[in-house]
Each structure stands twice: as structure tokens, then as C-alpha cells.
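So for the sequence shown, this note's numbering puts the first residue at 181; every next one is plus one. The next block holds one structure in the form of C-alpha cells; read it before the comments.
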Amino acid sequence: MMKRFNYLFILLIFLLSSCASNKVQEKETLKSALDGKFYIGAALNADQIEGKDEAGLRVLKEQFNSIVAENCMKSVNIHPEEGKFDFTLPDKFVELGEANNMFIIGHTLIWHSQLAEWFCVDEQGNNVTPEVLKERMKNHIHTIVSRYKGRIKGWDVVNEAILDNGEWRQSKFYEILGEEFMELAFQYAHEADPDAELYYNDYNEWHAGKREAIVKMIQSFKEKGIRMDAIGMQGHIGMEYPSLEEYEASILAFSNAGVKVMITELDLSALPTPDRNVGAAVEASFEYKKEINPYPDGLPEEVSKKWNDRMASFFQLFLKHQDKVKRVTMWGVADGDSWKNDWPVKGRTDYPLLFDRNHQPKEVVQTIKNLALRN
Ligand code: G3I
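Right, dumping it as C-alpha cells:
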């Protein structure tokens, strides 16, 4: 009888304490649970930067401690004509981050896509000389980076310069300057703000060819004494790709080569992909068909569970490597904001982020907090 009483007493204590610990975890936010492990960030669109998206901003301020500009710092927007800069949104973006004590990331200085038309050509549309392009890159980078010196803490200096097979992308920058453009971009950024962290940011880095090329680039930067702090691993992932092992292999390879890893642009599409090798190439576009937009009114329970489990397994991986991974940035705050709703097929309804269209946390948010508090 006494033994049974003891058993019930222990069970009661266990239930009460696990209830109390769940309550504590519910009170945690993503940023408080992940504190001391890595920053948790989100990309901001114009409505958020301008304060129009109140629900999105509420979630951002409550849950995230890092921000990156989704579009407003791309050359087409920030430097649309030679010598004519538009800092309206970028200034507000930086003020928002500072007012909320966030780790602010600038995105992106040199990118072949969303490239201002004038940048690499003369008035006749012919490629400019290497000297002219160097001067233009230097002026572009110096002007932007020095404006936010000490305030923007890390820059995506070059974006998406390497193809999945490890070859150089035939961008205008490469065509005119060859490989040197990459080093020059990092040098110019370092001159403008010697304390800023500098990153190379790309998608599909789990492809072996791209992984190896990036490792070689890190080694060459180290030999030449050029600053590069981290590799940004864009996380535009799907339900079937990549495998956790492929993704982990790249985290390890970059870290072993001597840089930190930032998980950037994370979103997990719940929709069928028309081509799993498409990566995040902005120019990709496939025709809309009803069958590739299967969940216009919400995710079925079973798919939602799979989605939550897969997102949780990626966060588990990031927590496993918290000594290497210094930031995880979601590519948007809530599902309705995501570029995935219109890419690579226009007009679909996707569910790629941690907060749903009503700005409610998905199940995985609680799972991430639990994992963070345990790991
Ligand atoms: O702001 C204009 C608006 O005035 C106009 O009416 C409308 C008409 O199409 O276009 C609006 O601009 C769009 C912009 O997003 C803002 O919504 C552009 O057309 C559209 O191309 C642009 O897409 C962005 C894309 O990069 C290209 O810059 C996505 O939002 C953005 O999520 C995506 O982000 C990239 C990363 O920077 C680099 N890695 C890949 C990632 C996904 O492609």
C-alpha cells in the first residue's frame, strides 16, 4: 500500500514538473530559446520596413533578433542610375533593426540578378572595360557600406557566382573581370567597413561540385589574406531535397575550411517542384497547372505534419552544429509574404515559413524551442 502511494506521489511530481516546464517553454520566444546558440533572423519586405504590415512586425519583434533586406538593397533598387542612390527604404530598414536591437545584414552588394541596367555597360550597351567596372564596383560598394558603417554588421558581398557543377557563372562581372571580381568585391567592402562581417551567399550548396568550388575559394581567400567570415547557405529547400546528409556535408566542409556558416534564406516549400535542380534561380518560370497547386485552401493534416517534421529536422541539424552555425535567417516572416507563392510557378499557395498566413506559429515553432532548450 505504502509502495503504491510512493509511486503515485512520484508520478504526480513528474506530471506537475513536466507541465511547469511546458509552460516555461511556451513563454519562451524563438529568440529567447535560441539565445547563446545562433541568431534567428527574417528577411523584410517593403511593407514591413515601412510599418504597413503590423501583424508581421509584431511577430518579427517578438520572435526574431536579426533582419536582412529581402529586396531594397539590390543594385536595381538602391543604385538604379549611375551615381543616383535611393536610400529611402534601406535607411528605414536599418533604423528598424537598431530600434529593436537586431543584428542587421545587408543583402546584396554584387549579384548578376536584379542588376541595375547601367552597371556593366556603356551608353551603347557594350561591356565597359575592366578598369571602368572596377571603379563602378568600388564606388557602389564604398558608398553603400560606408553609409551603414558600424550599423550593418554583416554583408552578403557576392551572391550566386558559382554554378552547381562548380564552374563560374558567366555573369557580366565574370565576363569583364574574370575571377578577380570576387576578391575585389570583398576587398572594397572591407575597406569601407573593416569591422563588418563579409559573406559569400549562394543556393544549392549541397551539390558536390559547388561545395568543392566554394571550399577552394575559401582556401584561396585565406592564402591571400582577404577577409571572408562566413558562407551563407541559402536554404530554399523542398520536401524531397536536399537530404540532411547532403546539407550537413556542406556545413562541415565550409567550417573545416575555416569559416563560419550562416543559414540564409530558409524556406521549405510544401508544394511539388517542377524541377528539383532549379535551385533559387530567379529567372526560372514554369507554366501554372492546377495539379501543381494542390493546397490552395490549406495544408492537409498529413502534409502539414510532414512539413513540420522536416523543418524540425533541419533545426535539429543546425543545433547540432551550433558551434559552426551563427545565424539562421528565414526568407520572410509569414507564409503570405513568401516569394515561393509566385516562384517557380506564378499564383500558387505555398506554406514555406515558420508562421502561417494569419501570423500564427506553426507546430514546429514550439518544437524548435523545445529542441533549443534541450541542446
Ligand atoms: O516592387 C515591384 C513592384 O513595384 C511591381 O509592381 C511588381 C510587379 O512585378 O514587382 C515588384 O518587384 C518585385 C520584387 O520582388 C518585390 O516584390 C520583383 O518583380 C520580383 O522580381 C522580386 O522578387 C525577388 C527576387 O529575389 C528577385 O529580386 C523576391 O521578392 C526575393 O525573395 C528574391 O530573393 C532572392 C535573394 O535575393 C537571392 N537568393 C534567391 C532569392 C529568391 O529568388
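Every residue gets a Cβ at the ideal spot worked out from N, C-alpha and C, and that includes glycine.
Item                                                                                                                                    : Value
Any 3 or more C-beta pairs closer than 8 angstroms across the region 434 to 449 and the region 504 to 516                               : yes
Between the CA atoms of I411 and F299 - distance to the nearest angstrom                                                                : 25 angstroms
Exposure of T288, with buried meaning 16 or more beta-carbon neighbours within 10 Å                                                     : buried
Helix, strand or coil at T268 according to DSSP, with G and I counted as helix                                                          : helix
Which listed residue (R238, E262 and K254) has its alpha carbon closest to that of L276                                                 : R238
DSSP three-state assignment for I332, whether helix, strand or coil                                                                     : coil
Secondary structure of M442, DSSP reduced to three states                                                                               : strand
Contact the region 370 to 381 vs the region 332 to 341: 3+ CB pairs below 8 angstroms                                                   : yes
Local conformation of R238 per DSSP, three classes                                                                                      : helix
C-beta atoms of H292 and S351 nearer than 7 angstroms                                                                                   : yes
Every unbroken alpha helix (DSSP H) within the region 437 to 511, with a cutoff of 4 residues, ordered by chain                         : 481 to 500
Check: E250 C-beta below 6 angstroms from any heavy atom of the ligand G3I                                                              : yes
Contacts around H259, its chain only, beta-carbon distance under 7 angstroms, and the 5 residues preceding and following it disregarded : F265, A296 and H320
beta-carbon V462 near the ligand G3I non-hydrogen atom, thresh 6 angstroms                                                              : yes
Length of the line joining the Cα atoms of N345 and P476                                                                                : 35 angstroms
Residues of its chain near M491, where Cβ-Cβ distance is below 6 angstroms and the 5 sequence neighbours each way are ignored           : L448 and V544
7 angstroms Cβ cutoff met for A372 and V338                                                                                             : no
Endpoints, beta strand (DSSP E) assigned at G415                                                                                        : A410 to I417
Length of the line joining the Cα atoms of A341 and K485                                                                                : 36 angstroms
For N257, the nearest candidate out of N225, N280, F283 and S246 (CA to CA)                                                             : N225
Where N280 sits in the DSSP three-state scheme                                                                                          : coil
L313: first and last residue of the uninterrupted alpha helix (DSSP H) it sits in                                                       : P310 to R327
At least 3 beta-carbon pairs within less than 8 angstroms: the region 416 to 424 vs the region 451 to 458                               : yes
Straight-line Cα distance separating P541 from E482                                                                                     : 18 angstroms
Proximity test, W386 beta-carbon vs the ligand G3I heavy atom, cut-off 6 angstroms                                                      : no
Neighbour-count burial assignment, S493, 16 or more Cβ in a 10 Å radius                                                                 : exposed
Separation of G459 from V248, as counted between CA atoms                                                                               : 20 angstroms
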